[in-house]
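Numbering-wise (my numbering), the sequence shown opens with residue 17 and increments by one.
Note that beta-carbon positions come from the ideal geometry of N, C-alpha and C, so glycine has one too.
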Amino acid sequence: MMNGKSIFFASLLAGAFVLPAVAADAGGADPIDQVNTFIGTQDEGNTFPGASAPFGMIQVSPIGSHYAGWQYTDKKIRGFGHFFLSGAGCFEQGGLVSVLPVTGTIGAGAKSTFDINNPEAFDQTRYAAAFDHQGEIGKPGYYKVRLTADSNQHVGGIDAETSALTRVGAERYTFAQGTQAHVLVNLGQATVRHRVIHSNLRIVDDHSVEGSLEVIGFCGGSAYTTWFRLEFDRPFKAYGTWNKLKGTPGAKESSAAEAPNGAWFDFDTKDSREVTIVSAVSHVDADGARNNLRSEGYVDGKPLGFDAIKQRAQDAWRKELASVRVRGGTAEDRVVFTTSLYHTLLQPLTASDVDGRYRGWDDAIHQADGWTYYEYFSLWDTYRAQNQMLAILRPQRARDIARTVVTIAEQGGWLPRWGYANYETNTMTGDPVTPFLADLWKYGALAGDDAKRAYAALKRNADSVPPASWREEGRAGNANYIAKGFIEYEKSSSKKKAMDVDQEHAASATFEYAQADCSLALMARGLGEKADAQRWSSRSGNWKNLWDASIVDNEHGGFKGFPRPKTLDGAWFSPKDKPYSPASEDGFHEGTAWQYQWLEQQDVPSLIKAMGGADETHKRLDVFFALDKLLADPLHAARKEWVMGAYDYYNQFRYNPNNEPDLHSPWMYTLTGAPWKTAVVLRAAQTLFTDGPNGVTGNDDLGTMSAWYLFSALGLYPGMPGTGQLLLHTPRFEHAEIDLDGGKTLVIDAPGADGSKLQYIDGAQIDDHAQAKVFVDWPTLRRGATIRYALTVNAPAWGTHPADLPPAACPGVATR
Numbered sequence: 017m018m019n020g021k022s023i024f025f026a027s028l029l030a031g032a033f034v035l036p037a038v039a040a041d042a043g044g045a046d047p048i049d050q051v052n053t054f055i056g057t058q059d060e061g062n063t064f065p066g067a068s069a070p071f072g073m074i075q076v077s078p079i080g081s082h083y084a085g086w087q088y089t090d091k092k093i094r095g096f097g098h099f100f101l102s103g104a105g106c107f108e109q110g111g112l113v114s115v116l117p118v119t120g121t122i123g124a125g126a127k128s129t130f131d132i133n134n135p136e137a138f139d140q141t142r143y144a145a146a147f148d149h150q151g152e153i154g155k156p157g158y159y160k161v162r163l164t165a166d167s168n169q170h171v172g173g174i175d176a177e178t179s180a181l182t183r184v185g186a187e188r189y190t191f192a193q194g195t196q197a198h199v200l201v202n203l204g205q206a207t208v209r210h211r212v213i214h215s216n217l218r219i220v221d222d223h224s225v226e227g228s229l230e231v232i233g234f235c236g237g238s239a240y241t242t243w244f245r246l247e248f249d250r251p252f253k254a255y256g257t258w259n260k261l262k263g264t265p266g267a268k269e270s271s272a273a274e275a276p277n278g279a280w281f282d283f284d285t286k287d288s289r290e291v292t293i294v295s296a297v298s299h300v301d302a303d304g305a306r307n308n309l310r311s312e313g314y315v316d317g318k319p320l321g322f323d324a325i326k327q328r329a330q331d332a333w334r335k336e337l338a339s340v341r342v343r344g345g346t347a348e349d350r351v352v353f354t355t356s357l358y359h360t361l362l363q364p365l366t367a368s369d370v371d372g373r374y375r376g377w378d379d380a381i382h383q384a385d386g387w388t389y390y391e392y393f394s395l396w397d398t399y400r401a402q403n404q405m406l407a408i409l410r411p412q413r414a415r416d417i418a419r420t421v422v423t424i425a426e427q428g429g430w431l432p433r434w435g436y437a438n439y440e441t442n443t444m445t446g447d448p449v450t451p452f453l454a455d456l457w458k459y460g461a462l463a464g465d466d467a468k469r470a471y472a473a474l475k476r477n478a479d480s481v482p483p484a485s486w487r488e489e490g491r492a493g494n495a496n497y498i499a500k501g502f503i504e505y506e507k508s509s510s511k512k513k514a515m516d517v518d519q520e521h522a523a524s525a526t527f528e529y530a531q532a533d534c535s536l537a538l539m540a541r542g543l544g545e546k547a548d549a550q551r552w553s554s555r556s557g558n559w560k561n562l563w564d565a566s567i568v569d570n571e572h573g574g575f576k577g578f579p580r581p582k583t584l585d586g587a588w589f590s591p592k593d594k595p596y597s598p599a600s601e602d603g604f605h606e607g608t609a610w611q612y613q614w615l616e617q618q619d620v621p622s623l624i625k626a627m628g629g630a631d632e633t634h635k636r637l638d639v640f641f642a643l644d645k646l647l648a649d650p651l652h653a654a655r656k657e658w659v660m661g662a663y664d665y666y667n668q669f670r671y672n673p674n675n676e677p678d679l680h681s682p683w684m685y686t687l688t689g690a691p692w693k694t695a696v697v698l699r700a701a702q703t704l705f706t707d708g709p710n711g712v713t714g715n716d717d718l719g720t721m722s723a724w725y726l727f728s729a730l731g732l733y734p735g736m737p738g739t740g741q742l743l744l745h746t747p748r749f750e751h752a753e754i755d756l757d758g759g760k761t762l763v764i765d766a767p768g769a770d771g772s773k774l775q776y777i778d779g780a781q782i783d784d785h786a787q788a789k790v791f792v793d794w795p796t797l798r799r800g801a802t803i804r805y806a807l808t809v810n811a812p813a814w815g816t817h818p819a820d821l822p823p824a825a826c827p828g829v830a831t832r
């Protein structure tokens, strides 16, 4: 006799649930209209609303008062900048070459709107334009806003539009009839904390300007230079430049070191109210910017107009966004999903010019022939979700990204941790580049000679430390980690080169190293390097050296055994004025022992043993997630019970959905035999992603949170790095189609899926074969496959048997 599950799958096979072909989304809507670029522009999501191409070199977006560039509650727009990172959490980023249309008069004397004798008149914080959200448009490849009347600055009635191709940006400003129209190009100022240390410009002819800016980059990093060229679609009737002393009408050149610097351009609005600017940038040289503009901004020797650039930009995005199609859910669900896909596909940024030249980490000019060199690698963030999503969706780009990271090691001397432009920031801790590249290898983006090159760089990184004279820190804690099996905790390290070193976050860095060791062991095993594989697999157990089995957290459930930092002599760290608490930030980077205890996917059976068995582990997870509250109120409890402030990392014992260290932790239920509880947590977490400016939880971190949401909504999540395993869970949509390499398609069916209620997997099939295991290997899916989920509202037995769980990837033994 067939049970309900068997009847369900029989009906699927018989075609009772056959679904028609899916267009861009339900109803065949244009995917462009399913994106809201304002999502994440509030509450520290740090996205930008303006225009960018997929993985574009240039972005044209408004600048406001927020450190990330702009936020939705800003009252004024200071200019439209030509570089932004999406979702980054640090303070110095974006806004270069700030352009703003203004009206009024530019001349000598206080009666002028811009008094050339008063250099403060050209401060963008003073001349910033008020604007109106009504009628504002933020879509892929296009942004529009109205700059409204401002009684102080006499700016008013100007429509501003922006668009962008990969290496070319475009702006169109429409002035009111008969106004005195000007365009200000400000080189001395960028976003609020992005410091310009030198800038220069030259007015080339009656419609073109060129120049360069040298700025201090991300989180107090090194200086880097951007060259630019702006071309107006018609001659300006007058112009001038300004510096820290005054404005000079008719001056064609201006240069300044850490001082005001810019130019103005006057236009007659009698016959035409529109002024269009097409721009290009390069990190190589002035010729690079010129060539980029000529290649992408012209056709048959004629410049493309704004509408043509916008059309090309949005067509490119339609192709990108149509590669993942979903049916079901609410209208808001589909907008959140498609916007998450958009944010995931913004970065890393194209770095090589149209002729293939790029500036390497040795500051020399190199050539990328037949491939694209990228820049801006937030590896501590992206290795956990965005990296795998790109490997699945964009394997060719993933291959070039992997090749770029390996090339950085060869030309710069060491693998990056958080690479900004062409230098290492040393921001964040641990060893994120190892799982990043190990996953790209497992997902097929590293093969042949590229895999060998990557392996050589990874081996050097894993087993040594860069010379003290080098900027790159690599595994800064390797000396003690290799000798004693843990990184020593130093609250204030004299070895500090930049923002952070691993010794300052020794406990979390030890856990990161150990997981990275396992991912590298898996890669070594696949490449036939058996001795290395055994050594690193053993080292992956080093987390045990920092597991203090005696610690009891009586304040949060009485659980026994937690990670705890050690000092150089091997003694447990103890605060001077109070007992050690697992909810303390001591020794952990942007988190606590409660959050980092789950960063041990490589040997879950050993973690369960350390926690006192499966039942105790599940009880601990239940407290961590406040599971009882989630079950009682799944649509609202997350905002009440979890860590909600974007930067509330410290002294917390609950799940922090805003930050990377425990992004994977909902699936620890799955890995310990309770996948139905993973479904509860994911439904709650998905409520934090909404169709509004505050619709991203925490910093989006170059698409990481967005990629996390995509995986959570699709019903798949990447497991232990280097395994190529995808963990199965309840999808949010009834049907999804994902275009894969070679014309293949991955189909995910879950009839009746409803994000507004709790649902669990009652059974699963892959290509008509029953799937009892809670994971599937990527090679099974990459050739094209269909996953079918049967859902239930009752907690089922699916995935709860020990045989359903993945074995330990690296049953490591602590080396000391």
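Please state whether DSSP places Q702 in a helix, a strand or coil.
Numbered from 1 along the sequence shown, position 686 holds the residue referred to as residue 702. Here Q702 sits in helix by DSSP.
Helix, strand or coil for H382 per DSSP?
As a working mapping, residue 382 is identified with position 366 in the sequence shown. Strand, per DSSP.
Nearest-angstrom Cα distance between N134 and T190?
Here residue 134 refers to the residue found at position 118 of the sequence shown. Here residue 190 refers to the residue found at position 174 of the sequence shown. Distance between the alpha carbons of N134 and T190 is about 28 Å.
Taking the alpha carbon of I293 as the reference point, which residue from P319, N561 and P734 has its own alpha carbon closest?
For the purposes of this step, residue 293 is taken as the residue at position 277 of the sequence shown. It is P319 whose Cα lies nearest to the Cα of I293.
What residue range is occupied by the uninterrupted beta strand (DSSP E) comprising W683?
The residue labelled residue 683 in the question sits at position 667 within the sequence shown. Element bounds for W683: n/a, residue is neither H nor E.
Give the range of the alpha helix (DSSP H) segment to which A418 is assigned.
By one-based count along the sequence shown, residue 418 stands at place 402. Looking at the DSSP string, the run of the alpha helix (DSSP H) that includes A418 is P411 to G428.
Using only alpha-carbon positions, find the residue among V113, E60 and T720 that is nearest to T89.
Here residue 89 is taken as the residue at index 73 of the sequence shown, counted from 1. Among V113, E60 and T720, the Cα nearest to that of T89 is on E60.
When we look at the beta-carbon of A819 and count the other beta-carbons within 10 Å, is it buried (16 or more) or exposed?
Your numbering for residue 819 matches position 803 in the sequence shown. Classification for A819: exposed.
Name the one or two DSSP bridge partners that S394 has.
Position 378 of the sequence shown, counted from the start, is the residue given in the question as residue 394. Its beta-bridge partners are W434.
Just to confirm, is the Cβ distance from N202 to G95 under 8 Å?
Residue mapping note: residue 202 aligns to position 186 of the sequence shown, counting from 1. Residue mapping note: residue 95 aligns to position 79 of the sequence shown, counting from 1. Against a cut-off of 8 Å, the Cβ pair of G95 and N202 comes out as a contact.
Can you give the Cα-Cα distance for A347 and V763, rounded to whole angstroms?
Position 331 of the sequence shown holds residue 347. Position 747 of the sequence shown holds residue 763. The straight-line gap from Cα to Cα measures roughly 21 Å.
Beta-bridge pairing of K318 - partner residues as DSSP gives them:
Mapped onto the sequence shown, residue 318 falls at position 302. Note: K318 sits in a beta bridge opposite V315.
Considering only the alpha carbon of each residue, which of D131, W588 and W614 lies closest to G603?
Within the sequence shown, residue 603 is the residue found at index 587, counting from 1. Of the candidates D131, W588 and W614, the one whose C-alpha sits nearest the C-alpha of G603 is W588.
Using 8 Å as the threshold, is the C-beta distance between H680 and Q617 below it?
Position 664 of the sequence shown, counted from the first residue, corresponds to residue 680. Position 601 of the sequence shown, counted from the first residue, corresponds to residue 617. Yes, they are a contact pair.
Are the CB atoms of W377 and I424 within a distance shorter than 8 Å?
Reading the sequence shown from its first residue, position 408 is the one you call residue 424. Reading the sequence shown from its first residue, position 361 is the one you call residue 377. Yes; because the gap between Cβ atoms is below 8 Å, this pair is in contact.
Selected residue, minimal CA-CA separation from M660, among G493, Y805 and L704
As a first step, residue 660 is located in the sequence shown; it is residue number 644 there, counting from the start. If we check each option's Cα against that of M660, L704 comes out closest.
Once DSSP output is grouped into helix, strand and coil, what is the label at R306?
Here residue 306 refers to the residue found at position 290 when the sequence shown is read from its first residue. DSSP places R306 in helix when its eight states are reduced to three.
Pop quiz: Y159 and S77 are said to be a contact at Cβ under 8 Å. What is the actual Cβ separation, rounded to whole angstroms?
To locate residue 159, count along the sequence shown from 1; it is residue 143. To locate residue 77, count along the sequence shown from 1; it is residue 61. The Cβ separation is near 7 Å, so the contact holds.
Write down the C-beta distance between D717 and E676 rounded to the nearest angstrom, noting that I regard them as a contact closer than 8 Å.
Taking the first residue of the sequence shown as position 1, residue 717 is located at position 701. Taking the first residue of the sequence shown as position 1, residue 676 is located at position 660. Yes, they are in contact, since the Cβ atoms of D717 and E676 sit about 7 Å apart, within 8 Å.
Tell me, please, whether the stretch 775-790 touches the stretch 800-807 by the rule of three or more beta-carbon pairs shorter than 8 Å.
As far as the Cβ criterion goes, the stretch 775-790 touches the stretch 800-807, which means the pair count is three or higher.
Hey, how far is the Cα of R799 from the Cα of R410?
For this step, residue 799 is matched to residue 783 along the sequence shown. For this step, residue 410 is matched to residue 394 along the sequence shown. Straight-line Cα distance between these residues: approximately 14 Å.
With distance defined between alpha-carbon atoms, name the residue in A723, M73 and T761 nearest to Y399.
One-based indexing of the sequence shown puts residue 399 at position 383. Y399 has its Cα closest to that of A723, out of A723, M73 and T761.
Take the Cβ of G435 as the centre, count every other Cβ of all protein chains shown within 10 Å, and call the residue buried at 16 or more, exposed below.
The residue given as residue 435 occupies position 419 in the sequence shown. G435 comes out buried.
Give the C-beta separation of G719 and G103 to the nearest angstrom, bearing in mind that I take them to be a contact with Cβ-Cβ under 8 Å.
The residue given as residue 719 occupies position 703 in the sequence shown. The residue given as residue 103 occupies position 87 in the sequence shown. That belief holds up - the Cβ atoms of G719 and G103 are roughly 7 Å apart, short of 8 Å.
So, for G321: in the same chain, excluding its five sequence neighbours on each side, which residues have a beta-carbon less than 8 Å away from its beta-carbon?
As a first step, residue 321 is located in the sequence shown; it is residue number 305 there, counting from the start. Closer than 8 Å at the Cβ level, and outside the excluded window around G321, lie D249 and T292.
If we ignore side chains and look at the alpha-carbon of each, how far apart do P812 and A786 end up?
Taking the sequence shown and counting its residues from 1, the one referred to as residue 812 is at position 796. Taking the sequence shown and counting its residues from 1, the one referred to as residue 786 is at position 770. If I take the Cα positions, the gap works out to 16 Å.
Extent of the continuous beta strand (DSSP E) run through W243:
The residue you call residue 243 lines up with position 227 of the sequence shown. Looking at the DSSP string, the run of the beta strand (DSSP E) that includes W243 is A239 to F248.
Separation of Q58 from A837, as counted between CA atoms:
Coverage of the chain is limited to positions 17 through 832, which leaves residue 837 absent and any answer about it impossible.
Alpha carbon of I55 to alpha carbon of G544, nearest angstrom
Within the sequence shown, numbered from 1, the residue matching residue 55 stands at position 39. Within the sequence shown, numbered from 1, the residue matching residue 544 stands at position 528. Taking the straight line joining both Cα atoms gives about 46 Å.
Return helix, strand or coil for D455, following the three-state DSSP convention.
Taking the sequence shown and counting its residues from 1, one reaches residue 455 at position 439. DSSP, read as helix, strand or coil, puts D455 in helix.
Same chain, Cβ closer than 7 Å to I48, neighbours up to 5 away in sequence not counted:
Stepping through the sequence shown from its first residue, residue 48 is reached at position 32. Result list for I48: K155, P156, Q330, W333 and R334, in chain order.
For the stretch 180-199 against the stretch 264-281, do three or more pairs of beta-carbon atoms, one drawn from each stretch, fall closer than 8 Å, so that the two count as touching?
Yes: at least three Cβ pairs fall under 8 Å.
Going by beta-carbon coordinates alone, are P448 and R469 separated by less than 8 Å?
Counting from one through the sequence shown, the residue named residue 448 turns up at place 432. Counting from one through the sequence shown, the residue named residue 469 turns up at place 453. No.
Do the stretch 252-269 and the stretch 229-238 make contact, defined as three or more Cβ pairs closer than 8 Å?
Counting Cβ pairs under 8 Å, fewer than three are found: no touch.
Quick one: using the 10 Å Cβ neighbour count with 16 as the cut-off for buried, is R655 buried or exposed?
The residue labelled residue 655 in the question sits at position 639 within the sequence shown. R655 comes out exposed.
How would you write the range of the alpha helix (DSSP H) that D465 sits in, first residue to last?
The residue labelled residue 465 in the question sits at position 449 within the sequence shown. Looking at the DSSP string, the run of the alpha helix (DSSP H) that includes D465 is G464 to D479.
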